[in-house]
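J.: Please find one structure pasted underneath; my questions will follow.
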Amino acid sequence: MTKITNKTNPRLAALIVTLKDASRVHEANIWREIARRLDAPRKNYAEVNLSKIDRYASEGETILVPGKVLGSGAVSLPVTVAALDFSEAAMSKIVGANGTCMTIEDLVRDNPKGSRVRILR
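Going by the working numbering, the letters in the sequence shown line up with residues 42 to 162, in that order.
Next up, the structure:
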């Protein structure tokens, strides 16, 4: 039998509710998909290195990581990265490349339709 647990992190629980509401109100399926990924066990969260972001991102693009961005590698293009969490090294390297780091909550507020966002996992 499977044990059912709720998220104990209040920020994460509120984020999941916000994403589901945004998906319903703005008819944007991207937010429902991100909520589903964040509602999964924490061991299944994405951990994306900067080298992967540099490999798959275009200049000026918005990248969404439903997990943590790690500082291994380098970013050569100015990109906007939204994630649940950032390592200190990742944040400094993104800002050093004239990019922007933001939370998923900020991205939902700034882009409620979720248009032109690439999900990396």
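For glycine and all other residues, C-beta sits at the position ideal for the given N, C-alpha and C.
Tell me which same chain residues have a C-beta within less than 6 Å of the C-beta of residue 89, skipping the five on either side of it?
T.: Result list for residue 89: 106, 110, 161, in chain order.
J.: Taking the alpha carbon of residue 141 as the point to measure from, which residue in 63, 127, 76 has its own alpha carbon closest?
T.: Nearest of 63, 127, 76 to residue 141, Cα basis: 127.
J.: Kindly indicate which residue of 66, 120, 60 has the alpha-carbon position closest to the one of residue 74.
T.: Per the Cα distances, 60.
J.: With residue 70 as the anchor, note down where its alpha helix (DSSP H) starts and where it stops.
T.: From DSSP, the alpha helix (DSSP H) with residue 70 extends over 70-79.
J.: Among the residues of its own chain, which have a CB less than 8 Å from the CB of residue 100, if the five just before and after it don't count?
T.: If we look at residue 100 and ignore the five residues flanking it on each side, its Cβ neighbours are 118, 119, 120.
J.: Let me know if residue 84 comes out buried or exposed under the rule of 16 or more other beta-carbons within 10 Å of its beta-carbon.
T.: Burial call: exposed.
J.: CB-CB under 6 Å to residue 132, same chain, minus the five flanking residues each way: which ones, in chain order?
T.: Around residue 132: 142.
J.: Which two residues bound the contiguous beta strand (DSSP E) that contains residue 124?
T.: Segment 121-127, the beta strand (DSSP E) holding residue 124.
J.: What would DSSP say about residue 159, mapped onto helix, strand or coil?
T.: In this structure, residue 159 counts as strand in the three-state DSSP scheme.
J.: What does the alpha-carbon distance come out to for the pair residue 71 and residue 64?
T.: For residue 71 and residue 64, the distance between alpha carbons rounds to 7 Å.
J.: I need the boundaries of the beta strand (DSSP E) containing residue 51, first residue and last residue.
T.: Note, residue 51: premise wrong, no beta strand (DSSP E); alpha helix (DSSP H) at 51-67.
J.: Measuring alpha carbon to alpha carbon, tell me which of 112, 94, 52 ends up nearest residue 104.
T.: For the residues 112, 94, 52, the minimum Cα distance to residue 104 belongs to 94.
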